[in-house]
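Visitor: I have a structure here, written as structure tokens, and I will follow up with some questions on it.
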Amino acid sequence: QTRSLLGVFEEDAAAISNYINQLFQAMHRIYDAQNELSAATHLTSKLLKEYEKQRFPLGGDDEVMTSTLQQFAKVIDELSSCHAVLSTQLADAMMFPITQFKERDLKEILTLKEVFQIASNDHDAAITRYSRLSKRKENEKIKAEVTEDVYTSRKKQHQTMMHYFCALNTLQYKKKISLLEPLLGYMQAQISFFKMGSENLTEQLEEFLTNIGTSVQNVRREMDCEVENMQQTIEDLEVASDPLYLPDPDPTKFPAHRNLTRKAGYLNARNKTGLVSSSWERQFFFTQGGNLMSQARGDVAGGLVMDIDNCSVMAVDCEDRRYCFQITSFDGKKSSILQAESKKDYEEWICTINNISKQIYLSENPEEIAARVNQSALEAVTPSPSFQQRHESMRPAIQSRPPAARTSSTGSLGSDSAALSALSLDSLVAPDTPIQFDIISPVSEDLPGQAKSSGQSGRRTNPFGESEGSKPETEDSILHQLFIVRFLGSMEVKSDESPDVVYETMRQILAARAIHNVFRMTESHLVVTCDCLKLIDPQTQVTRLRFPLPNVVLYATHQENKRLFGFVLRTSGGRVESRQTSICYIFESNNEGEKICDSVGLAKQIAFHAELDRKASEKQKEIDKVKEKQQKELNKQKQIEKDLEEQSRLIAASSRSNQSSAEGQFVVLSSSQSEDSDLGEDGKKKRESE
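Have a look at this one:
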């Protein structure tokens, strides 16, 4: 019965321990939350006090907001003090009693239970040893030890049991105390907290809160009104901006602005990743004075791409991209290929960089000056009506030829105005002369006279110097130099005796390109040899044009822009088949105009000396041929004399012989007479002379 009743008490003690642990965790959460609330309230008050020290990018000096937040910080700081007092009261009145019951009383019950179990086990073991004592062979010493052991274990078990039972009985009262004391302390702490809060929340504070609430409502109404206005603005902008969403808008509705000296926008830049591979990266580009800058996404500031003062810009063909153009620095050492998003941006970028390269941005009104420069160029170069009509008639047959223009007979180029004023421009450039902006290859078009005189050939040159059954043209050439050039244009000229012809042709071609928006330039490899000048396609290695070197009668480079050079080619045929014509070709190189002219001059000198050597060699061959003929005649005469001497010796020997020898001579004479009869009249005379 005792052990059964003890089991009930132990089960009740275990249930009390489990419930108290759960209640302790709940109260501890209240205590932790109160501590967190106190700390958070204090931090909020601190941040509100630091508002006036903040520097918001869009916020001005709002004194009303600063004073309002300072008032709130003061009130919240007082509330924070109340929360700190509440946390202290909860720790003393709520957490301390339940912690004492959990850590002291419940642990005491567990400890007494373990001691009682040990004492019971010792008593059972002592009774077992005592029961095993033999009745026959009794050892008094062993019996006394076992008896003493039973006595001690029973006494210990009984004392432990009494203390354990007393603790179990007391636990029923401690349970009630441990439940009521924490709750009482919690309620008293809350009442004290609310009393302090009631004292701090005065009527003046309530009025302040009412005013703040009214202000918040006013701000909300203003926000709603502003949001409504912004929504209406967004709808209007969406309707007005609908055409701008197209990546390539219609140029007739949105024409390009060609007088810009500043521009910014996104472009795709080509980066070399290998010998033949490349990648494109989208970046934000903008002009800053005479510099082209770029800024990648996420960068704080832009970086310098290139100095575009005195630079050159041209449209280029890319295999996989549209609207590409290339910018080359003034020294030709650096170039960049960029891609615009639309044709409008493409033309505006090229025009803007052209304007900046002329340093128009340094003036006070750069756009007005750019417009004036473009207008002056427009007045200096006008389209030729005759050529336009001719171009319209040829358009169905030739679709790829760009519009040509006839240049004016007035104007000058830089510092050459004095020289050109003394020499009439009509004597330099033929009237009604079209300008050819593209290289007409033999595959696309065969112009009469020009193709024959230029020696155009579509043969592919082998870059490794190999050939199939025939030697290359330049295999025996002493000079073989290659330059990268871009073809600007060509036109017929009337004179080929003065470099002014080349200067005037440069001026008219550049002005015509600017007026008619011809930005595309064909890049080629110019090969200078002792026989000819050849333009080779850098991609396919096909010879586009071939200019015989003897027909190149004049060549010169620009006096200021050393990248521009040209030469005059004298050909047979033209608009008038009965006379020779002169065509001036203009190119742009990577700062190598003088080098190309020097190379052409060297080639002509080598060709001249080679021609002299060839003529001397032919003359020497004729002299050697005459000498060889005379030597053959002399050898023939010597052979005849030798035969006569041999015959005379034979005759003398035969005269000293006997009759048989005379008969033999008769036979010889007979045979000679028969030979004479066979030879005829001419043979007899020859025999007689011999």
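Residue numbers for the sequence shown follow UniProt numbering, beginning at 1 and rising by one.
Where a beta carbon is used, it is the ideal one built from N, C-alpha and C, also for glycine.
Could you tell me the alpha carbon to alpha carbon distance between T152 and P97, rounded to whole angstroms?
Guide: So the alpha carbons of these two residues sit roughly 39 Å apart.
Visitor: One question on the structure: do C318 and Q339 come within less than 9 Å of each other, judged by their Cβ atoms?
Guide: Yes; because the gap between Cβ atoms is below 9 Å, this pair is in contact.
Visitor: Okay, do the stretch 479-490 and the stretch 523-539 touch, 3+ Cβ pairs below 8 Å being the bar?
Guide: Touching, yes.
Visitor: Please state whether DSSP places C597 in a helix, a strand or coil.
Guide: Note: C597 maps to helix in three-state DSSP.
Visitor: Quick check on the DSSP output: the beta strand (DSSP E) that includes G566 runs from which residue to which?
Guide: Per DSSP, G566 belongs to the beta strand (DSSP E) from 564-572.
Visitor: Is Y266 helix, strand or coil by DSSP?
Guide: Correct three-state label for Y266: strand.
Visitor: Since I believe C597 is in contact with T543 (beta carbons under 8 Å), could you give me their beta-carbon distance rounded to a whole number of angstroms?
Guide: Incorrect: roughly 22 Å between the Cβ atoms, too far for contact.
Visitor: Using a Cβ-Cβ cut-off of 6 Å (strictly less than) and excluding sequence neighbours within five positions of T160, which residues of its own chain qualify?
Guide: Only V115, F116, A119 meet the Cβ criterion.
Visitor: Which residues in the same chain as L205 place their Cβ atom closer than 6 Å to its Cβ, once the five residues preceding and following it in sequence are excluded?
Guide: Correct list: empty, nothing qualifies.
Visitor: Assuming K195 and Y164 form a contact by the criterion Cβ under 8 Å, report the distance between their Cβ atoms to the nearest whole angstrom.
Guide: With 8 Å as the limit, K195 and Y164 do not qualify as a contact, their Cβ atoms being about 46 Å apart.
Visitor: Since V502 and G601 should fall inside the 8 Å C-beta cutoff, what is the C-beta to C-beta distance between them, to a whole number of angstroms?
Guide: Wrong, their Cβ atoms sit about 14 Å apart, outside the cutoff.
Visitor: Where V493 and S582 are concerned, what is the direct C-alpha to C-alpha distance, given to the nearest angstrom?
Guide: One C-alpha to the other measures close to 6 Å.
Visitor: Put V552 into one of helix, strand or coil per three-state DSSP.
Guide: Correct three-state label for V552: strand.
Visitor: Whose C-beta lies closer than 8 Å to the C-beta of H480 among residues of the same chain, with five residues either side of it excluded?
Guide: T474, V527, V528, T529.
Visitor: Note down the Cα distance separating T571 from N365, rounded to an integer number of angstroms.
Guide: Cα to Cα, T571 sits roughly 48 Å from N365.
Visitor: Rounded C-beta distance between D248 and S342? I'm assuming under 8 Å.
Guide: At roughly 4 Å, the Cβ-Cβ gap stays under 8 Å, so D248 and S342 are in contact.
Visitor: Helix, strand or coil: how does DSSP classify V313 here?
Guide: V313: strand per DSSP, three-state reduction.
Visitor: May I ask which residues mark the beginning and end of the alpha helix (DSSP H) holding S178?
Guide: Note, S178: alpha helix (DSSP H), 140-200.
Visitor: Give the range of the alpha helix (DSSP H) segment to which T68 is assigned.
Guide: Segment 63-90, the alpha helix (DSSP H) holding T68.
Visitor: Between Q100 and T147, what straight-line distance do the alpha-carbon atoms span, to the nearest angstrom?
Guide: Taking the straight line from one Cα to the other gives about 43 Å.
Visitor: Is it buried or exposed for P182, if we count other Cβ within 10 angstroms and need 16 for buried?
Guide: P182 comes out buried.
Visitor: Between which residues of its own chain and R460 is the CB-CB distance below 6 Å, once the five residues before and five after are set aside?
Guide: Unreliable positioning characterises R460 in this predicted model, as indicated by a pLDDT of 44, which lies under 50. The coordinate reading is nonetheless provided below. The answer, listed in chain order, is Q541, V542.
Visitor: With a threshold of 16 other CB atoms inside 10 Å of the CB of Y19, please say whether the residue is buried or exposed.
Guide: Exposed is the call here.
Visitor: Between the stretch 624-634 and the stretch 513-522, are three or more C-beta pairs nearer than 8 Å?
Guide: The stretch 624-634 vs the stretch 513-522: no contact.
Visitor: Rounded to whole angstroms, what is the Cα-Cα separation between E592 and D307?
Guide: E592 and D307: Cα-Cα distance of roughly 20 Å.
Visitor: Give the range of the alpha helix (DSSP H) segment to which H42 is assigned.
Guide: That run of the alpha helix (DSSP H) goes 2-49.
Visitor: With DSSP run on the structure shown, which of helix, strand or coil describes H525?
Guide: In this structure, H525 counts as strand in the three-state DSSP scheme.
Visitor: Can you look up T261 in the DSSP assignment and give me helix, strand or coil?
Guide: Correct three-state label for T261: coil.
Visitor: Pull up the DSSP beta-bridge partners for L304, would you.
Guide: In the DSSP output, where bridge partners are listed per residue, L304 has M293.
Visitor: Are the CB atoms of A301 and Q283 nearer to each other than 9 Å?
Guide: For A301 and Q283, no; Cβs fall outside 9 Å.
Visitor: If you count every other CB in all the chains shown that lies within 10 Å of the CB of C166, and 16 or more means buried, which is it?
Guide: By the 10 Å Cβ count, C166 comes out exposed.
Visitor: Hey, how far is the Cα of S424 from the Cα of L569?
Guide: Only weak support exists for where S424 lies, its pLDDT of 48 falling under 50; the coordinates are left without a value.
Visitor: With distances taken between CB atoms, is the gap from D537 to L549 smaller than 9 Å?
Guide: Not a contact, by the Cβ cut-off of 9 Å.
Visitor: Can you tell me which of the three DSSP states C530 falls into?
Guide: Of the three classes helix, strand and coil, the one that applies to C530 here is coil, per DSSP.
Visitor: Give the range of the alpha helix (DSSP H) segment to which residue 692 is assigned.
Guide: One cannot answer for residue 692 here, as it falls past the ends of the chain, which runs 1 to 690.
Visitor: Whole angstroms are fine: how far does the CA of S215 sit from the CA of K49?
Guide: If you take the alpha carbons of K49 and S215, they lie about 21 Å apart.
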